[in-house]
Each structure stands twice: as structure tokens, then as C-alpha cells.
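S.K.: For reference, the structure I am asking about is given below.
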Amino acid sequence: MRQFNRYTVTSALPYANGPLHIGHLAGAYLSADIFVRFMRLTGKDVIYICGSDEHGAAITLRAAKEGTTPQAIVDKYHELFQRTFEDMGISFDIYHRTSATIHHETSQDFFRNLHAKGEFQEKESEQYYDAEAKQFLADRYIKGTCPKCNYEEAYGDQCENCGSALSPTELINPTSTVSGATPELRKTTHWYLPLDKYETWLREWITTGKVDGKELHDPESWKKHVLGQCKSWLDSGLQPRSMTRDLDWGVDVPQEIEGADGKKLYVWMDAPIGYISATKEWAAQKGKDWKTYWQDEDSSLIHFIGKDNIVFHCLIFPAILKAHGDYVLPTNVPANQFMNLEGRKISTSKNWAVWVHEYVEDFPGRQDELRYCMVRNMPEQKDSEFTWKGFQDCNNNELVNNLANFVNRVVVLTNKYYDGVVPSFDESLDIIGPIDVDEAAYHDSECLRLFDDLDAYCDYLRKYDFRGALKTLMEISTRGNQILQNNEPWKTIKTDEESVKVVMNLALQYVAALRIAIRPFMPFTSDKMTKLLEMPQLKEDGELNEMLMTLAEGELIIPAGQQIGKPIHLFSRITDEVIQEQVDKLQSSDVQEEETAPVNPLKAEIQFDDFTKLDIRTATIIEAEKVKKANKLLKLELDLGFEKRTVVSGIAAHYTPEEVIGKQVSLLANLAPRKIRGVESQGMILMAENSEGKLCFVNPDETFENGAGVA
Ligand SMILES: [Zn+2]
């Protein structure tokens, strides 16, 4: 992998018209925060940039609805975002906002630059106009059915269900969200970015990482679903995209440009430029040169986003950067997929969400528990799910039982045996005592193993595999517990004090290593452990690298003779009552509970062996008749290829005998035979049942040979 001198890391600018939910956190913020903290701990020059996205039609829309001004809306959410991020330990170097003057200037400079180069195409087009509200309708003011997935609530610029970017005229049955009227098309003039002209180099850049033969990124390191979405975009052909809008809230098109009156920059032109203006502001405050972070070839630009923003960060913004010419292109866009909640898609409008600021109020001082659980379920490669039960399990089974237990035992025993002083040990004794020693000295070999595990952990982090890294960390903690369990110092202390010193010193090295290594994931806990060990506060300035070097040299991370503090519990149990309160709160705030079918909860987990006991076969229904005096039952004759079976099935309320003859089905063929209404039923047909009790067959999607095994 190519090495860079510095890293410019961004998280998607949250849109300032509603609070943050856990899906946002899992998508673009937590992952980026883990990554930058890790980079800092390895001594890299990294900046972490974000801010509020305060323009666009949705904000004006909300202001109109609430009878206030757009400025009041963005002020409210900007402050809430700032506080929420800080509470959750998201460690931006700057959290800026796009209503700032420096941002308006920077965006206008971009527009001027591209305009002067002749990159834009000025085009008159027909756009939707709301005759009742007397205004052109920005994309977000138009809702309709998505032509790609038939989602009925798609916006004019994007379908939030399937992630497709749309233009308003593609929507089926468009309506104005301002007045509810059906909009009409009227003529207006805008500046278009000719994405079709850039298609060739965009494709080369995405698929090979090269532009004009120069290697800019490694596509192997990109997530498959990100590349997949980009390729599907490119394959369907890029269209010129309007970079301006008829709006009254946003960044003005530079007034010296003819026809600029009443025109604002498209929010997806100005928002990503917000990363640059925020960097300018940060650099001005710190006395740094912002240009090196954006214009130097040795700077790696990494955008953390949710999957709904892939097209803007992988195609449109890079096109703008390249058209400008002075800027580097992103080296990676590690977008996450979506996180669902208790079996359903998180929805702001339906209030089906866990709001992060409410979590902070309900669980004071427990930010790391949420961070941990979010990473365990991070939708890195596919959609994932948050459940309150899962949250409780993560906390009780992993943080309390494993990590907190290990740290607590080590600190308690160190206080008990050595008055809280890290014991020194006789290295010639290092070989004795412990159970699972091979040839190498015990302390040395366990420290080497720790080094290897930490090395693997770093590899995961560099590959944006945060779940993998966290798993490795917890394995280190498990290992620490095993070291105590295998050696039982509480027994050995009576017979062999010297070998207990070896074991306790070793366990303390593990705790000291975890204090640094958990920091990207759980910064608050890392601070607690630092205090507990009475070690110097972490500045996130290369400490992880220093620790790895110390280990590699066979030195101690926490020196013998170091005084540590009194035991504290890093985590405590979360009770069923507390979890139930959250579940109730979620259910009661669900505004569309009645309209949405309840989700059938999953049954208890089974093992693969349980599954392999089932023999499911394809079969064709060759005869069917009603079972007498049983209006729900059909008696079916099935052809399995190698034999025929009779099966009684409770589908008569849904299917007539004529309808099912000839259908291919999946049959549970090794179910013990059972007499139903005098007929022996030799198996069971697999049916899917929805929440209204409607049934349908589970069958092969094309005609397939009978008797084939289903697995
Ligand atoms: Zn769609």
C-alpha cells in the first residue's frame, strides 16, 4: 500500500435540519473517528474535518413549516450536532459550518474557476414550477415514485431507499412538497457540469486507480459495494448535472457572472467544498498551510460517508476537483452501508430511531458502551442491525465479563499482593510455573504474542476493517483473562511468590497495552485506564507506535516499580428493566406503528448441525384435492423424482386444488409421518407467511429437477 505524508480525513457533513441518530453515527462518524485516532496514535500527520451542511431546500422547507427562518433552523441543529459529537467523543480537528463567510467565498471561487475555464455548459431547460407557491421547485421540494425501485417517497435528487441519484423529471407522479400541487414544467437557465465528458477518466480512475497513467489509489483497497455502485453509475451513462438552482437560501452564484440573479449553487456542489473551507479555517487558527492537505500529492484524502452519498463523493466531487485542477482526488471512500433498528429501516419521519443526544441523556457516562456496540454491528460490508437486546449483550457479556473483569482482577491482585506497585521479577524464573509454556520464556513469549495481535489489529484498522480490529482487541483481553486463569496466582501466591510476580507483571503489560489500543474505539475508557495505571495522559501522538517498538525490543510497557491506583469498575451491567424502557420508548414514539406490520422476531439461534438434519427437496405437485370436512386442508400428491409422496397441507384457504397442480415446491422430506384427518402426511411443504397471514410457496425460481436437495 502506498504511504502518504499526511492524511485529510472527512466525515459527511450532517444536514442541519434534524438531530443525529445511531445510523448516522455508525455510517460516517464513528468509523472516521476510529481511523483518525488510530492514525494519530501511529504518529501520522492527520486532520479530521467536518461541519454542518446548512444549505438546500429542505432547510427552507422546514423553516416555512415551523414558521421560523432558515438561519434559526441551522443554528439550532449546528449547536446540537456540535454538542452531540463532543459528547460521543468524535474528535474532529474542526467542526465548521457551510453558512460561514469563508465557505461562501471558497465555493464561489470554485464556481468562478470552473466557469472561467469553460467547464460548465449553460443550458435552458424545463424545470418543475409550483404555480400555487409561485416558485421553481428545487429537487428536494419534489417527491414521487422512484423509477428504479418504486419507493414512493423518493426525492427529486435522490431515492433514499435504493441510493440512486435522480433528477426530478425521472420521478413518477411528482408532487410539490411546498403546496402538495402537481408541479408544471417551465423554462429556466442553469450551469451544468458535463459529467458525460469526464466519464472516460472517471472510469479509469475508479477501476484502475490511475489517471493519465499515474497511480492515485489502489482499487483493491476500496470496498466492493462502493466500486460496484460507481461502476453501475458509469455503466448506465453519466449525464450533465446542473450545479445551480433557483433558490433563495444558499451560496450565491458569483454576481459578476451574467444571469446569476436569483441562482444559488447546488447543495451538492457547495457541501463537499465545505471540507476545504473548514480546512482553511482550521489552518488559519493553527497557523498551518491548508493547501498541503488538499493540493500536495503526498496527501491522502479519505471520505467517510454512508452509502447514500457514494455517487457524490466518488464521481461528482472528484469531477469538480479535477476540473479545478489544483486538487488531489480521494484515495479512498470507505462508505458504510445502513444500520437498521429492531428489524426496520431507521426513519426520521416515522421517528423510528435512537437519537444520539437522547442516548447521552439516558445513559450518562456510557458513551463508550454505545461506541463499542456500534462497531460490533458496524455495517461495513452490508446492512446491519441495532437491537437494544444486542446492546445489552455487548455490554454485559463482552465489556463487563471480559474487559472490565480482566482489568479489575489485575488491579485488585496488584493492590493485594504488592500494594499497587508493578512487581519486578527474576528473569531466570521466567521459564517456570506457568502451564502452557513451550521452549520460550513465558513472559517473553506472551509479550511476543501480544505484539503479533497488536500488529494484526493495526492491519485491520489500515484496511478500514474496524469490526476485525475490535475483535482482535477483545481477544487480547480474553488472553489476559486466560493468563490469570491458567496460572491461578491466587493459589500459587502461597507456594511460589516469585512465579506470581512473572504472571502479574505480564498481566499488567496486557492492561497497559489495552489502555492504548482501545483508545480509537473507547476513548473515555482509555482515559479511565490511564488514570487507573497512573500513566501519562495519551496525547494521541505516536503512542501506539512507541508501544509496539517497546514490545519489539522486549522491554516493558509499564515499568516495574510503577505505582498504580485503586480498583474501579470500567463497565457495569445494564439491567433488563433499563433495556425494556428503551424498547418501550421506541415503540411508543413510532408514529406509524399501525401502518407498519410488526416484525416477526427471529427464533433462537441454531447451530449448523441442527440445520443439516433437515432434508429439504424440490418436488412437483401432481395431484391435489380438498380434505373432506376440513376447509383449510389440501391433500397433495408430490413427485420427488425418485418417489411419490402424499402430503396434507393447510393451504386450502389460500389456494384451490387447480391452482397448485403443476407447482414446484420445497418439501421437508424427512419429517416423521403424521396422520391428519385420517390421511398420512409424509412431509411438509415450505411456505412463506407474511404479517397478514398470507401464504406463498417457497420454490425454485425456475423449473428444476425434482428431488434436488435444498440447502
Ligand atoms: Zn429507489
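Each number in our numbering comes from the position in the sequence shown (counting from 1) with 733 added on.
From the three backbone atoms N, C-alpha and C, an ideal C-beta is built for every residue, glycine too.
(1) When the Cα atoms are used, what is the spatial distance from valine 1481 to glycine 1426?
(2) Tell me the DSSP secondary structure of serine 912 in three-state form.
(3) Is the beta carbon of lysine 1122 within less than 7 Å of some heavy atom of ligand 1?
(4) Can tyrosine 884 be considered in contact with ligand 1, in the sense that its beta carbon sits closer than 7 Å to one or more heavy atoms?
(5) Would you tell me roughly how many angstroms separate the C-alpha atoms of proline 747 and glycine 784, rounded to the nearest one?
(6) Could you pull the DSSP bridge partners for phenylalanine 1037 from this structure?
(7) Pull up the distance between the alpha-carbon of glutamate 1091 and that of isoleucine 1249, whole angstroms please.
(8) For alanine 1049, does the three-state DSSP call read helix, strand or coil?
(9) Going by the CB atoms, is the gap between tyrosine 781 and phenylalanine 825 shorter than 8 Å?
(10) Using the C-alpha atoms, what's the distance from valine 779 back to tyrosine 740?
(11) I think isoleucine 827 touches alanine 1011, with their Cβ atoms under 8 Å apart; what is that distance to the nearest whole Å?
(12) Quick one: Cα of isoleucine 1339 to Cα of leucine 1401, how far?
(13) Measuring only the C-alpha atoms, how far is asparagine 1403 from leucine 1373?
(14) Looking only at its own chain, which residues have a Cβ that is under 6 Å from the Cβ of valine 1236, when we skip the five neighbours before and after it?
(15) Enumerate in chain order the residues of its own chain whose CB-to-CB distance from glutamate 1327 is below 7 Å, with the five nearest sequence positions on each side excluded.
(16) Tell me the rounded alpha-carbon separation between threonine 933 and proline 1097.
(17) Whole angstroms are fine: how far does the CA of isoleucine 835 sit from the CA of threonine 802?
(18) Bridge partners of phenylalanine 869, per DSSP?
(19) From the DSSP output, in three-state form, read off proline 1331 for me.
(20) State the CB to CB distance for the pair proline 952 and glycine 942, rounded to an integer number of angstroms; the pair is presumed to be in contact (CB under 8 Å).
(21) Taking just the CA atoms, how far does histidine 1057 sit from alanine 849?
(22) Thinking threonine 921 and threonine 915 are a contact (beta carbons under 8 Å), I'd like their distance in whole angstroms, please.
(23) Please classify lysine 1234 as buried or exposed, where buried requires at least 16 other C-beta atoms within 10 Å of its C-beta.
(24) CB-CB under 8 Å to arginine 816, same chain, minus the five flanking residues each way: which ones, in chain order?
(25) Hey, is the region 925-939 in contact with the region 973-993, meaning 3+ C-beta pairs nearer than 8 Å?
(26) Can you tell me whether glutamine 736 is buried or exposed, with buried defined as 16 or more other CB within 10 angstroms of its CB?
(27) Can you tell me where the beta strand (DSSP E) with phenylalanine 1344 in it begins and where it stops?
(28) Quick one: any contact between the region 1402-1417 and the region 1337-1351, if contact means 3 or more CB pairs under 8 Å?
(29) Keeping to the same chain, check which residues put their C-beta closer than 6 Å to that of valine 986; ignore five residues upstream and five downstream.
(30) Examine ligand 1 and report whether any of its heavy atoms sits within less than 7 Å of the Cβ of serine 897.
(31) With 16 as the cutoff for other CB atoms within 10 Å, does leucine 918 come out buried or exposed?
(32) At the 8 Å Cβ level, is isoleucine 1349 part of the contact set with chain B, yes or no?
(33) Lysine 856: beta carbon under 7 Å from a heavy atom of ligand 1?
(34) Taking 7 Å as the line, does the beta carbon of lysine 881 fall inside it for any heavy atom of ligand 1?
(35) Could you check the C-alpha separation between valine 1061 and histidine 950 for me, to the nearest Å?
(36) Does the distance from the C-beta atom of threonine 1258 to that of leucine 1303 stay below 8 Å?
M.R.: If we stick to the structure as given:
(1) Residue 1481 lies beyond the stretch modelled for the chain, which goes from 734 to 1444, so this question has no answer here.
(2) It is coil, neither helix nor strand.
(3) No, ligand 1 has no heavy atom inside 7 Å of this Cβ.
(4) Flag set: Cβ of tyrosine 884 near ligand 1.
(5) One C-alpha to the other measures close to 7 Å.
(6) Looking at the DSSP output, phenylalanine 1037 shares a beta bridge with Ser744.
(7) Cα to Cα, glutamate 1091 sits roughly 29 Å from isoleucine 1249.
(8) The sequence given here places isoleucine at residue 1049; alanine does not occur at that position. DSSP, read as helix, strand or coil, puts isoleucine 1049 in helix.
(9) A contact, by the Cβ cut-off of 8 Å.
(10) Linking tyrosine 740 to valine 779 through their CA atoms gives a straight-line distance of about 5 Å.
(11) Going by Cβ atoms, the distance from isoleucine 827 to alanine 1011 rounds to 5 Å, so yes, they are a contact pair.
(12) Each residue's Cα considered, the two are about 17 Å apart.
(13) Near 12 Å, if we compare the C-alpha coordinates of leucine 1373 and asparagine 1403.
(14) Excluding positions up to five away in sequence, the list reads Asn1220, Pro1222.
(15) Interpretation of glutamate 1327 is limited by its pLDDT of 42, a score under 50 that renders its predicted location unreliable; no figure is taken from the coordinates.
(16) Approximately 52 Å between the Cα atoms of the pair.
(17) So the alpha carbons of these two residues sit roughly 22 Å apart.
(18) Phenylalanine 869 is bridged by DSSP to Tyr862.
(19) Any reading at proline 1331 must be qualified, since the residue scores a pLDDT of 48, below 50, and its modelled position is unreliable; no value is offered.
(20) Confirmed, about 5 Å.
(21) Their backbone Cα atoms lie some 10 Å apart in a straight line.
(22) Their Cβ separation, rounded to whole angstroms, is 18 Å, which puts threonine 921 and threonine 915 out of contact at 8 Å.
(23) Label assigned to lysine 1234: buried.
(24) Result list for arginine 816: His1090, in chain order.
(25) Between the region 925-939 and the region 973-993, the count of Cβ pairs shorter than 8 Å is three or higher; the stretches touch.
(26) Exposed.
(27) For phenylalanine 1344, there is no enclosing beta strand (DSSP E); the enclosing alpha helix (DSSP H) has its first and last residue at 1341-1345.
(28) Touching, yes, given that three or more Cβ pairs across the two stretches are closer than 8 Å.
(29) Result list for valine 986: Thr977, Ala993, Lys996, in chain order.
(30) Taking non-hydrogen atoms of ligand 1 into account, the C-beta of serine 897 is found less than 7 Å away from one of them.
(31) Leucine 918 is classed as exposed because its beta carbon has fewer than 16 other beta carbons within 10 Å across all chains shown.
(32) The displayed structure is made up of one protein chain only, and chain B is not part of it.
(33) No, since every heavy atom of ligand 1 falls outside the 7 Å radius drawn around the Cβ of lysine 856.
(34) Of the heavy atoms belonging to ligand 1, at least one sits nearer than 7 Å to the Cβ of lysine 881.
(35) Those two C-alpha atoms are separated by around 11 Å.
(36) Going by beta carbons, threonine 1258 and leucine 1303 fall inside the 8 Å limit.
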